[in-house]
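Notes to accompany the following structure.
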Amino acid sequence: PEVDVANGIGIIKALQTCKSVKPVVLISYTALGYRMNCVRELIRTLVRIIPSIQDYLSAFAYVFTKFPDDQKQSIKAMALGTYKSIAEEEKDEGYRALLADIVEQTEDNVLAPDLLNDHPKILLKKLADPRNFIEDPSKVFQPFLTEKSKSAVNLQVEKHKANILRAFKHHHYPIVQIKLDELIALQS
Numbered sequence: 003p004e005v006d007v008a009n010g011i012g013i014i015k016a017l018q019t020c021k022s023v024k025p026v027v028l029i030s031y032t033a034l035g036y037r038m039n040c041v042r043e044l045i046r047t048l049v050r051i052i053p054s055i056q057d058y059l060s061a062f063a064y065v066f067t068k069f070p071d072d073q074k075q076s077i078k079a080m081a082l083g084t085y086k087s088i089a090e091e092e093k094d095e096g097y098r099a100l101l102a103d104i105v106e107q108t109e110d111n112v113l114a115p116d117l118l119n120d121h122p123k124i125l126l127k128k129l130a131d132p133r134n135f136i137e138d139p140s141k142v143f144q145p146f147l148t149e150k151s152k153s154a155v156n157l158q159v160e161k162h163k164a165n166i167l168r169a170f171k172h173h174h175y176p177i178v179q180i181k182l183d184e185l186i187a188l189q190s
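According to our numbering, the sequence shown is numbered sequentially starting from 3.
So this is what it looks like as structure tokens:
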């Protein structure tokens, strides 16, 4: 959870200082999971990071890595199957829109390079079109915490509160001050 908290805040702050951002979503064959569960979790995170994600889909690129040659043709069908399986039950429009964008982008051209053998210029050329970047990311990207991270932070706050009360009861005021300072730092 600590890494999630650091990523949810630190990476977003770094993105917000950029002039423009090109979101490149790497989807690894070895990490797909059942019915693209890993991709679905990633999409949830992206929707939290970019609340109005539908407005920025043209900037996104999806690169499928470590796919065996005989599986590359099935990427489009796999993405479409995942979209159809969630489309009706899913209420989050941003989530549906991002998954639909994956389907749309795999319609004609799947970016599934062989990273060890293909020349990097080919992939970079496809990704570097300056018209397809998110301009002024400070207004687009929002810090986020996963549910697991929120629970960890809340647990840490409760521990600090208990330590403060215990130290206060025993008249250990310097410890109370330290713990209060830690809580204030945690809040910001």
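Glycine included, C-beta positions come from ideal geometry on N, C-alpha and C.
Taking F143 as the reference, which of P132, P25, V65 has the closest Cα? Per the Cα distances, P25.
Since I51 is in the alpha helix (DSSP H), which residue starts that stretch and which ends it? Start and end: 39-51.
Got a sec, what are the start and stop residues for the beta strand (DSSP E) Y64 sits in? Run containing Y64: 63-67, per the beta strand (DSSP E) assignment.
Backbone CA spacing between V155 and K21 [nearest angstrom]: Distance between the alpha carbons of V155 and K21 is about 31 Å.
For the beta strand (DSSP E) containing I13, name the first residue and the last one. Note, I13: premise wrong, no beta strand (DSSP E); not H, not E.
Which whole-angstrom value is the C-beta distance of T67 and L28, which I expect to be below 8 Å? Contact flag correct, Cβ pair sits at about 6 Å.
Figure out for me which residue from I166, L34, L59 has the closest Cα to the Cα of T84. Answer by Cα proximity: L34.
Name the two residues that bound the continuous alpha helix (DSSP H) containing L125. For L125, the uninterrupted alpha helix (DSSP H) segment begins and ends at 122-129.
Rounded separation between L59 and K15 - CA only: Near 21 Å, if we compare the C-alpha coordinates of K15 and L59.
Identity of the residues DSSP links to L113 by a beta bridge: According to DSSP, L113 bridges with V65.
If you reduce the DSSP assignment to three classes, tell me which class L28 lands in. DSSP places L28 in strand when its eight states are reduced to three.
Proximity of I77 and V41 at Cβ, strictly below 8 Å: The Cβ atoms of I77 and V41 lie no closer than 8 Å to each other.
Could you pull out every residue in the same chain whose Cβ sits closer than 7 Å to the Cβ of V166, ignoring the five residues on either side in sequence? It should be noted that the sequence gives Ile, not Val, for residue 166. Cβ contact annotation for I166 (same chain, cutoff 7 Å, sequence separation greater than five): V178, K181, L182, in chain order.
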